[in-house]
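Visitor: Structure incoming, see below.
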DNA sequence: CTGAAAGCGCTTACAG
DNA sequence: CTGAAAGCGCTTACAG
C-alpha cells in the first residue's frame, strides 16, 4: 500500500480511504490511485486488514463428520453456503471434527472468524454453549432442542411430513412405517403428527447407517405392523437394506410396498430401482439462507432471532404406487409365495 | 498477550517465546506464563501472528463446483483433507466457484493462505498458471495434461482399469463398453490400454451427468457394439440411465449385461439394484495425501515434484456376472422378447 | 478533499 | 535466561 501511495503521489491513508470508499476522494486522485494499484498488481493484505479492523470476513463452517454417515445432501449444502458467502465477499473455513472442548474454545478465541455456521446440530449440542460463551456470532443449520435465542435454518419437517403422508394417504395407504436415523428425532415426531391428522397408522423404527441395519429395521417394521403398505425413510444409508429385505420377502416395490425418502438428493434418488420418490428441500438453499442470516448479524442486525424452515418438494419418481387393494392383501401371501417359487 | 505478560510479571517477548518454544525459558517463568494464560483464557490472535510471521496456517481448497455434476466422492475427499489439515494445525478454506481470472489472482494476492489444494483439475486448467504466477505453493488433486513441476495425488486409473478389465475378462467378457463423463479423458485411455493388453474389445462413449444422457449413451454403446456384455462406467450420474435403458431392452443385470463403476463411494454403490460392483480408491486418502504433500512444501521441502497415484480396490457387489455363453447370446433376442411380453 | 500518526497484537532480531 | 523495541500492513480518529 505504501508503494501504491508513492506511485500515486498521495498518502497511505488516502489510498486506504479510496479502497474502502468511506470518505470522499477527488476524481483525479481516485484515478491515479486506481491506476497505481493496477500497475503494481496490488491486493490489500488480509491480515493487516483483519488485525486492525477486527473483521476477517471469514466464517467457519462447523461440520461434525461422523465418517460414513455423511448425508449426501451435505455437500450441496456446503457448496451452496460457500458460493453464497463468496459472492458476499466472505470466506468459508471448514472446521471438521471440531467438537465442544478445548478445540472449539481455542479456535473461537483466535479471532480468525467473524462468525460461524453450525451444521449437524444435535438436540443437546454442547458446541452451542461454547460458541455462545466465546461470543462468536453464529447461526445453525438444523436446530437443537431449545434454539430460543439463536438464528437457524432447517428443513421444515412438519411440512415435509404432511406432504409425504398426504401423498401416500391419497394413494390409499393407511398403514405406514417410518425409518429414522436414530439421531434426529424431528422427522419421526412430525410424521406421527401428520399421520394422526390424516387418520393413518404409523409405526416407527430407527436404524444405523448401513445396509444391514436397514434389513434389520425392515424386519422390525413388519413385526410392528405386518400389514403396512408404505415406508417413509429418513436414513438414506439404510434404505438399500430395506429394499432388499422387502425383495427377499417377495414384496415388490412399488406394487406391494411403497417407499419414499425424505432429504435424498435427486441424483441419488435416481440410482435406486425403481427410482426413489422423495420429499426434499433444496439443501443449497438451506445453506445460503444460513449464510444470509449470519451476515445480517455481523452487520449489526439486532432483530429477534429468526428461524427459517424450508419446505420440501414432492418428487414423484417410481417407488410409490396406490396401496394394494384389500383383495390383494388377502391373497397377498399366496401371491408372494408363488412368485418366490418361480 | 500484554495482559498475560503483566500477570506473569514478564515481558511480552518472553510470553511469545514461551508460546513458540523457540528459545529456552526457565521452568518457573514458563509455569507462571502458562498459569496466566489459563487464568485469562488467552488465545493468540491469528491475525497479528499472520501479519508478522507471514504464515497463516490456512490452506485454500479450490473446488470448482459445476453444480449438479458433483462427484459424490468429493465430499469424502474434502472431509478427509480437512480433518488431516486440522490435525496438523492448519485450516482449510473453501474456494468454490473460483476460476482463473481476477477472482483467483485477488484471492491469491491477499496473503490469506499459505498454500492451496486444487481439486477437479482439468487437462488444460488455467487456474494452475494463475497460482504459479501468484507464487502460491499448491498441490493438485487430480492432474492436468503436463503436471511436470507440480505435486499431485490422483486416482491410479491405469491400475483401476487393469483391475476392472481383469475381473471382467476373467469372467469371460470379451466385448466391453466404456461410459465416460466427457471431462476426464484418463479413464478411457487407461481402459483402452488395459483392454488391449487383455485382448478384449472396447467401445467408448461419453455422456453428460444425467439419467437421460445415460440412456442415450447406452443406445450409442449398443450401436458401436451390439454384442457387448459388460460396461465400465466413470459417470455415476448417467449410470441409472444406462441401467434403465438396458432393462427396457430386456437385458438383465448382471445375467445379460455386467456393469461396473469406477470411483463410486460404497454407500452409493449399495443403492442400485443389483448393488454396484466398483473399483474405487479411498477418496479420503487422496485428500489426506494431498495435504501432506502441500505441508511438506510449506515446511521448505525442495525435493523434486512428487506424484502420488492411489490404486483402487475391487469391491464385488452384484452387478457383474460371468459373460453369457455364446449359446445365450445366440438365443438372446428371443429370450428377451419373451420376457418383454410377460 | 487530504495527511501525519497512532495502534491493532503479535514476532524476532538486537542487546544484555 | 530475559527485555526493550522495531515493524508487519493496514484502518481510523484527529487535524487541517
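Protein chains in written order, with the UniProt record's numbering: chain A, 1 to 342; chain B, 1 to 342. Glycine is no exception: its CB is placed at the ideal position from the N, C-alpha and C atoms.
Could you pull out every unbroken alpha helix (DSSP H) segment of at least 4 residues lying fully inside the segment 115–194 of chain A, listed in chain order?
Guide: Segments of the alpha helix (DSSP H) lying fully in the segment 115–194 of chain A: 126–134, 157–170.
Visitor: Residue 295(A) lies in the alpha helix (DSSP H); which residues open and close that run?
Guide: Start at 1 with the first residue of the first chain, and residue 295(A) comes out as number 295. Counting along the chain, the alpha helix (DSSP H) containing residue 295(A) begins and ends at 283–298.
Visitor: Measuring straight from C-alpha to C-alpha, what distance separates residue 303(A) and residue 273(B)?
Guide: Numbered from 1 along the first chain, position 303 holds the residue referred to as residue 303(A). Numbered from 1 along the second chain, position 273 holds the residue referred to as residue 273(B). Near 51 Å, if we compare the C-alpha coordinates of residue 273(B) and residue 303(A).
Visitor: Compare the C-beta of residue 35(A) with all C-beta atoms of chain B and state if any pair is closer than 7 Å.
Guide: The count along the first chain starts at 1 and reaches residue 35(A) at position 35. It does not; no Cβ of chain B falls within 7 Å.
Visitor: Check the DSSP bridge columns for residue 307(A) and list the partner residues they point to.
Guide: If you number the first chain from 1, residue 307(A) lands on position 307. 152(A).
Visitor: Counting pairs of beta carbons, one from the segment 310–317 of chain A and one from the segment 152–166 of chain A, are three or more of them closer than 8 Å?
Guide: Contact holds: three or more Cβ-Cβ distances are below 8 Å.
Visitor: For a contact meaning CB atoms closer than 9 Å, what does residue 110(B) contact in chain A?
Guide: Here residue 110(B) corresponds to residue number 110 of the second chain, with the count starting at 1. Those within 9 Å of residue 110(B) in chain A are 43, 44, 45, 46, 47, 49.
Visitor: Quick check on residue 77(A): does DSSP put it in helix, strand or coil?
Guide: The residue you call residue 77(A) lines up with position 77 of the first chain. Three-state result, residue 77(A): helix.
Visitor: Does DSSP put residue 280(B) in a helix, a strand or coil?
Guide: Stepping through the second chain from its first residue, residue 280(B) is reached at position 280. Strand, per DSSP.
Visitor: Figure out for me which residue from 25(A), 1(A), 238(A) has the closest Cα to the Cα of residue 262(A).
Guide: As a position in the first chain, residue 262(A) is number 262, starting the count at 1. Of 25(A), 1(A), 238(A), the residue nearest in Cα terms is 238(A).
Visitor: What did DSSP end up calling residue 271(A) once you bin it into helix, strand or coil?
Guide: For this step, residue 271(A) is matched to residue 271 along the first chain. DSSP places residue 271(A) in coil when its eight states are reduced to three.
Visitor: Compare the C-beta of residue 240(A) with all C-beta atoms of chain B and state if any pair is closer than 7 Å.
Guide: By one-based count along the first chain, residue 240(A) stands at place 240. Yes - at least one Cβ of chain B is within 7 Å of the one on residue 240(A).
Visitor: So, is the C-beta of residue 335(B) closer than 7 Å to a C-beta in chain A?
Guide: Reading the second chain from its first residue, position 335 is the one you call residue 335(B). Reliability of the predicted coordinates at residue 335(B) is poor, the pLDDT of 45 falling under 50, and no value is obtained from them.
Visitor: Can you tell me whether residue 145(B) is buried or exposed, with buried defined as 16 or more other CB within 10 angstroms of its CB?
Guide: The sequence position of residue 145(B) within the second chain is 145, counting from 1. With fewer than 16 Cβ atoms within 10 Å of its Cβ, residue 145(B) is classed as exposed.
Visitor: How is residue 33(A) classed by DSSP in three states: helix, strand or coil?
Guide: Your numbering for residue 33(A) matches position 33 in the first chain. Helix at residue 33(A).
Visitor: Is there a C-beta anywhere in chain A that falls below 7 Å from the one on residue 342(B)?
Guide: Here residue 342(B) corresponds to residue number 342 of the second chain, with the count starting at 1. At residue 342(B), the pLDDT of 39 sits below 50, so the modelled position is not reliable and the matter cannot be decided from this model.
Visitor: Buried or exposed for residue 271(B), going by 16 or more other Cβ atoms inside 10 Å?
Guide: As a first step, residue 271(B) is located in the second chain; it is residue number 271 there, counting from the start. It is buried - the Cβ of residue 271(B) has at least 16 other Cβ atoms within 10 Å.
Visitor: Alpha carbons only, please: which of 138(A), 4(A), 51(A) is nearest the one belonging to residue 301(A)?
Guide: Numbered from 1 along the first chain, position 301 holds the residue referred to as residue 301(A). Comparing Cα positions, the closest option is 138(A).
Visitor: Do you know how far the Cα of residue 256(B) is from the Cα of residue 248(B)?
Guide: Your numbering for residue 248(B) matches position 248 in the second chain. Your numbering for residue 256(B) matches position 256 in the second chain. Answer to the nearest angstrom: the Cα atoms are 13 Å apart.
Visitor: Could you say if the segment 46–59 of chain A and the segment 50–59 of chain B meet the contact criterion of at least three C-beta pairs nearer than 8 Å?
Guide: The segment 46–59 of chain A is in contact with the segment 50–59 of chain B.
Visitor: Can you tell me whether residue 105(B) is helix, strand or coil according to DSSP?
Guide: For the purposes of this step, residue 105(B) is taken as the residue at position 105 of the second chain. Residue 105(B) falls in the helix class under three-state DSSP.
Visitor: Can you name, in chain order, every residue of its own chain whose Cβ lies under 8 Å from the Cβ of residue 71(B), other than the five neighbours on each side?
Guide: Counted from its first residue, the second chain places residue 71(B) at position 71. Taken in chain order, the residues that qualify are 236, 263.
Visitor: Against residue 106(B), what residues of chain A qualify as contacts under a CB-to-CB distance less than 7 Å, listed in chain order?
Guide: Working through the second chain from its first residue, we reach residue 106(B) at position 106. Correct list: 43.
Visitor: Closest to residue 63(A) by C-alpha separation, out of 63(B), 106(B), 306(B), 78(B), would be which residue?
Guide: Stepping through the first chain from its first residue, residue 63(A) is reached at position 63. Ranking the options by Cα distance to residue 63(A), first place goes to 78(B).
Visitor: Please list, in chain order, the chain B residues whose beta carbon lies closer than 7 Å to that of residue 72(A).
Guide: Here residue 72(A) refers to the residue found at position 72 when the first chain is read from its first residue. Those within 7 Å of residue 72(A) in chain B are 72.
Visitor: If you measure from the beta carbon of residue 96(A) to each beta carbon in chain B, is any gap under 7 Å?
Guide: To locate residue 96(A), count along the first chain from 1; it is residue 96. Interface residue, yes.
Visitor: Should residue 82(B) be flagged as near chain A, meaning a C-beta pair shorter than 7 Å?
Guide: The residue you call residue 82(B) lines up with position 82 of the second chain. For residue 82(B), the answer is yes, since a Cβ of chain A falls inside 7 Å of its Cβ.
Visitor: Measure the C-alpha to C-alpha separation of residue 287(A) and residue 92(B) and round it to an integer number of angstroms.
Guide: Stepping through the first chain from its first residue, residue 287(A) is reached at position 287. Stepping through the second chain from its first residue, residue 92(B) is reached at position 92. Cα-Cα distance, rounded: 18 Å.
Visitor: On the premise that residue 104(B) lies in contact with residue 130(B), defined as a C-beta separation below 8 Å, what is that separation, rounded to the nearest angstrom?
Guide: Taking the second chain and counting its residues from 1, one reaches residue 130(B) at position 130. Taking the second chain and counting its residues from 1, one reaches residue 104(B) at position 104. The Cβ separation is near 5 Å, so the contact holds.
Visitor: Starting from residue 86(B), find everything on chain A with Cβ-Cβ shorter than 8 Å and list it in chain order.
Guide: Sequence index remark: in the second chain, residue 86(B) carries index 86 (1-based). Within chain A, the residues near residue 86(B) are 95, 96, 97, 98.
Visitor: Over what stretch of residues does the beta strand (DSSP E) that includes residue 230(B) continue unbroken?
Guide: Locating residue 230(B) in the second chain gives position 230, where the first residue counts as 1. That run of the beta strand (DSSP E) goes 230–233.
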